[in-house]
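Per the numbering used here, the very first residue in the sequence shown carries number 92; after that it's consecutive.
C-beta atoms are modelled at their ideal positions from N, C-alpha and C, and glycine is treated no differently.
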Amino acid sequence: VYITPQIMSMSLIQESKDSVNIGWIETTSKWTGIFMGVVIAAIFILLFLATIGRRFFPIVAEKIILKIPHYREIVLAQDNYINLHRLSLLVRSGVRMEDALKSTYDSCRPGALRADFGRALDAIRRGQKWAAGMTILHPTDRSALLLASDSEQIAMNLENIGDQYQSLYIQKLEVLAPVLQVLSSLVV
């Protein structure tokens, strides 16, 4: 957009203007610029959801984030790991399940996981199984928690689920970095 007109205005190029074909360069730069604009807009939207969106309207932002396949693991996995690990430590140390859920609920940041802990807390207060309220968890993980027989097994399952979130986070970042490098190389 800037360099091509500057080059075309040079006296050397002006003399042989008919033999210089830069139409393909202009077309390529135009479409590359449009592509870069779309990618940058998408990145800003994703960053907005993960930062400002999660702070001011956490439930809505996390519902949108949960629908984006690889992004959800990157954004939510770290919080999930920390809170599930915290809950497993409380359960393993002998704290009653209701008190452990209440403590984890109180210390969890607003969002889908906190809403799940709230539903689990309501379920346990109604005399139902608490793990049924954990909708953010995979059905297999929820079943493992529902079928756990004692607090030690619950703590072990929670820790395993938390470790699974941590490994998913690392795995997704290891995939994302090369993809972004290739994308930036292509655009440059």
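Can you grab the Cα-Cα spacing for the pair residue i / residue j, in whole Å?
{"i": "residue 211", "j": "residue 271", "result": "38 Å"}
{"i": "residue 259", "j": "residue 102", "result": "58 Å"}
{"i": "residue 128", "j": "residue 134", "result": "10 Å"}
{"i": "residue 244", "j": "residue 199", "result": "23 Å"}
{"i": "residue 159", "j": "residue 215", "result": "31 Å"}
{"i": "residue 227", "j": "residue 137", "result": "20 Å"}
{"i": "residue 181", "j": "residue 264", "result": "29 Å"}
{"i": "residue 130", "j": "residue 96", "result": "26 Å"}
{"i": "residue 112", "j": "residue 118", "result": "12 Å"}
{"i": "residue 188", "j": "residue 139", "result": "35 Å"}
{"i": "residue 197", "j": "residue 126", "result": "43 Å"}
{"i": "residue 275", "j": "residue 116", "result": "19 Å"}
Pick out whichever of the options has its Cα sitting closest to the Cα of residue i.
{"i": "residue 250", "options": "157, 149, 119 and 183", "result": "183"}
{"i": "residue 277", "options": "123, 92 and 116", "result": "123"}
{"i": "residue 190", "options": "208, 204 and 173", "result": "208"}
{"i": "residue 162", "options": "268, 279 and 274", "result": "268"}
{"i": "residue 186", "options": "130, 262, 252 and 241", "result": "241"}
{"i": "residue 229", "options": "218, 94, 213 and 171", "result": "171"}
{"i": "residue 235", "options": "248, 262 and 224", "result": "248"}
For the putative contact between residue i and residue j, defined by C-beta atoms under 8 Å, what is the C-beta separation to the nearest angstrom?
{"i": "residue 178", "j": "residue 195", "result": "5 Å"}
{"i": "residue 157", "j": "residue 256", "result": "With a Cβ gap of about 13 Å, residue 157 and residue 256 do not count as contacting."}
Excluding five sequence neighbours on each side, which residues of the same chain lie with their C-beta closer than 6 Å to the C-beta of residue i?
{"i": "residue 141", "result": "166"}
{"i": "residue 237", "result": "220 and 222"}
Once you ignore the five residues that flank residue i on each side, which residues in its own chain have a CB closer than 7 Å to its CB?
{"i": "residue 202", "result": "145, 149, 150 and 153"}
{"i": "residue 120", "result": "92"}
{"i": "residue 169", "result": "260"}
{"i": "residue 98", "result": "104"}
{"i": "residue 232", "result": "252"}
Here's a check: name, in chain order, each residue in its chain whose Cβ is nearer than 8 Å to the Cβ of residue i, leaving out the five neighbours to either side.
{"i": "residue 279", "result": "none"}
Worksheet item: What are the complete alpha helix (DSSP H) segments, minimum 4 residues, inside the stretch 143-231?
Response: 149-157, 160-183, 188-198 and 203-216
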